[in-house]
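Chemist: Position 16 of the sequence shown, counted from 1, bears residue number 9 in the numbering used here, the numbering being contiguous throughout.
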Amino acid sequence: MEEPYLSIIVPVLNGANHINNLMNSLMNINYPKNKYEILIVDNESRDMTVELIKKFQRNIPQLKLYFEKRKSSYAARNTGIMNAKGEIMVFTDVDCIVNNNWLINIVKSFSENSVGCVAGGILSPKWNNIVEEYYAKKDIMSQKNTLNSEFLPYPMTANVAYRMEIFNKIGYFDEKLISGGDADLAWRMQLETEYKIVYDQNAIVIHKHRTNIKSLFKQQFSYGYGSVLLYRKHNYFMYLNLKNTLIDYLKLMPAIALFHLRSFVRLFWDRDRYYLYEPLLAFLFISGYRLGRLYGSIKFKKFYI
-6 MEEPYLSIIV
4 PVLNGANHIN
14 NLMNSLMNIN
24 YPKNKYEILI
34 VDNESRDMTV
44 ELIKKFQRNI
54 PQLKLYFEKR
64 KSSYAARNTG
74 IMNAKGEIMV
84 FTDVDCIVNN
94 NWLINIVKSF
104 SENSVGCVAG
114 GILSPKWNNI
124 VEEYYAKKDI
134 MSQKNTLNSE
144 FLPYPMTANV
154 AYRMEIFNKI
164 GYFDEKLISG
174 GDADLAWRMQ
184 LETEYKIVYD
194 QNAIVIHKHR
204 TNIKSLFKQQ
214 FSYGYGSVLL
224 YRKHNYFMYL
234 NLKNTLIDYL
244 KLMPAIALFH
254 LRSFVRLFWD
264 RDRYYLYEPL
274 LAFLFISGYR
284 LGRLYGSIKF
294 KKFYI
């Protein structure tokens, strides 16, 4: 069977620290070079991102650079889709490194005509600090978390592929969403078509996580805030797992108490820094998301905390 033509789409904003690792991995993909294109969509970067991409273009004829002035990763992805030639749109992020057999495994998972979307595995790199260690040990970026969503399953855009036909049928990413555009697209596909999502753990990317407490909190706040827009759009209250919401709130105060208890324990037993700070990281992770929801609920007058 002849391999389908693929379009790899990567939105990027100030990705100079990551672009070399991503591009080097894309250059070593085990897939016919004439059967895929790489579309990098710059979202008004202010670092050396564009200059670095142009250097790679000299040696990679299938690498194309586009620009999107609207500050939105979803708008950038849509620009990529509109300029793509592939039968299948494959998405990843600039802070990812793809496996050599990434595309081969994605294509295999599209062997059934009923498959509209393939979610690939997202792994953590070796961590360099306790924030990265927290992301890795809690498996926060695992597709298994979102594919078990309370409403409908959805994959994260760090590693996902869709048939172009899906976009022709249901439209592109919703650019009004601050976060959750990956969920919205997958839900619309499942609600408006007969296509299904499959998970392929062998179609792997390695994702570089947040590296400090501030970025962890900001990311979770953004997710919480964006989830209100997503909820307002799909109105899925009946599907909410209120038990999990209550558990989240109940975890907050014990997390601080546990942090102080572990501080005392470290006076007598040799424990690493992660042992001490893990409860504090959990507190920031949960409170960031819940505060984002609270802020969004107040701003949009839609109760979803």
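Cβ atoms here follow ideal geometry from the backbone N, Cα and C, with glycine treated the same way. The structure displayed is predicted, hence computed values, not measured ones.
I'd like to confirm the pairing. Which residues does DSSP put opposite G114 in its beta bridges?
Modeler: Looking at the DSSP assignment, G114 forms a beta bridge with I197.
Chemist: Closer than 6 Å by C-beta to S338: which residues in its own chain qualify, once you throw out the five before and the five after it? Chain order, please.
Modeler: The first residue shown for the chain is -6 and the last is 298, placing residue 338 beyond what the model contains.
Chemist: What whole-angstrom Cβ distance do D193 and G113 have, given they're in contact under 8 Å?
Modeler: At roughly 6 Å, the Cβ-Cβ gap stays under 8 Å, so D193 and G113 are in contact.
Chemist: From M231 to S135, what does the alpha carbon distance come to, in whole angstroms?
Modeler: Summary for M231: the model assigns pLDDT 49, below 50, so the residue's position carries little reliability; its value from the coordinates is reported in the next sentence. So the alpha carbons of these two residues sit roughly 25 Å apart.
Chemist: Relative to the C-alpha of I279, which residue among R225, M75, K244, K292 is closest?
Modeler: Considering only alpha carbons, the answer is K244.
Chemist: Let me know the secondary structure DSSP gives G289 once reduced to three states.
Modeler: Note: G289 maps to helix in three-state DSSP.
Chemist: Applying the 10 Å Cβ sphere with the 16-neighbour rule, what's the burial state of G164?
Modeler: It counts as exposed.
Chemist: Can you give me the C-alpha to C-alpha distance between R225 and K48, rounded to a whole angstrom?
Modeler: Spanning the two alpha carbons is a distance of roughly 43 Å.
Chemist: Could you tell me how far apart the beta carbons of G281 and G217 are, in whole angstroms, since I believe they sit closer than 8 Å?
Modeler: G281 to G217, Cβ: 7 Å. Contact.
Chemist: DSSP three-state call for I163: helix, strand or coil?
Modeler: Of the three classes helix, strand and coil, the one that applies to I163 here is helix, per DSSP.
Chemist: Is it buried or exposed, K169, if we count other Cβ atoms within 10 angstroms and call 16 or more buried?
Modeler: Exposed.
Chemist: Do three or more CB pairs link the segment 83 to 90 to the segment 13 to 30 at distances below 8 Å?
Modeler: The segment 83 to 90, when compared against the segment 13 to 30, does touch it at the 8 Å Cβ threshold.
Chemist: Do Q277 and F210 have their CB atoms nearer than 7 Å?
Modeler: It should be pointed out that residue 277 corresponds to Leu in this sequence rather than to Gln. Cβ atoms of L277 and F210: closer than 7 Å.
Chemist: Give me the Cβ distance between N94 and N23, rounded to the nearest whole Å; I'm assuming they're in contact under 8 Å.
Modeler: Between N23 and N94 the Cβ distance is about 5 Å, and since that is below 8 Å, they are a contact.
Chemist: For T42 and A9, I'd like the C-alpha separation in whole angstroms.
Modeler: In a straight line, the C-alpha of T42 is about 4 Å away from that of A9.
Chemist: In the segment 135 to 160, which residue ranges form an unbroken beta strand (DSSP E) of at least 3 residues, counting only runs that do not cross its ends?
Modeler: The qualifying runs are 152 to 156.
Chemist: Cα separation between I171 and M149?
Modeler: One C-alpha to the other measures close to 14 Å.
Chemist: Would you report the Cα separation of F60 and N161, rounded to the nearest angstrom?
Modeler: Looking at the two C-alpha atoms, the distance is approximately 22 Å.
Chemist: Name the DSSP beta bridge partners of Y192, please?
Modeler: DSSP output for Y192 lists A112 as bridge partner(s).
Chemist: For the alpha helix (DSSP H) holding K57, just list the boundary residues, first then last.
Modeler: Taken as a continuous stretch (DSSP letters only), K57 belongs to no alpha helix (DSSP H), being part of the beta strand (DSSP E) at 56 to 60.
Chemist: What separation, rounded to the nearest whole angstrom, lies between the Cα atoms of Y188 and L145?
Modeler: So the two alpha carbons sit approximately 13 Å from each other.
Chemist: Is the number of C-beta pairs between the segment 194 to 201 and the segment 173 to 182 that are closer than 8 Å three or more?
Modeler: Short answer: they don't touch.
Chemist: If we call anything under 7 Å between Cβ atoms a contact, is M191 one with V111?
Modeler: The sequence shown places Val at residue 191, rather than the Met named in the question. Result yes, Cβ atoms of V191 and V111 sit closer than 7 Å.
Chemist: Let's see if you can read the secondary structure: which residues bound the alpha helix (DSSP H) around M20?
Modeler: Here the alpha helix (DSSP H) through M20 covers 12 to 20.
Chemist: Let me know if N36 comes out buried or exposed under the rule of 16 or more other beta-carbons within 10 Å of its beta-carbon.
Modeler: Under this definition N36 is a buried residue.
Chemist: Nearest to K101 by CA position, among K294, I123, W120, E(-4), is which residue?
Modeler: With distances taken between Cα atoms, K101 lies closest to E(-4).
Chemist: Thinking C-beta only, is I115 closer than 7 Å to A151?
Modeler: Going by C-beta atoms, A151 is nearer than 7 Å to I115.
Chemist: Which one of E105, R203, N71, I33 has the shortest CA to CA distance from S53?
Modeler: The question names Ser, yet the displayed sequence has Ile at residue 53. Comparing Cα-Cα distances from I53 to each of E105, R203, N71, I33, the minimum goes to I33.
Chemist: Helix, strand or coil: which one does DSSP assign to E30?
Modeler: E30 falls in the strand class under three-state DSSP.
Chemist: So what does DSSP say about M82, is it helix, strand or coil?
Modeler: Looking at M82 - three-state DSSP - the assignment turns out to be strand.
Chemist: Could you tell me the alpha carbon to alpha carbon distance between M82 and R181, rounded to whole angstroms?
Modeler: The straight-line gap from Cα to Cα measures roughly 17 Å.
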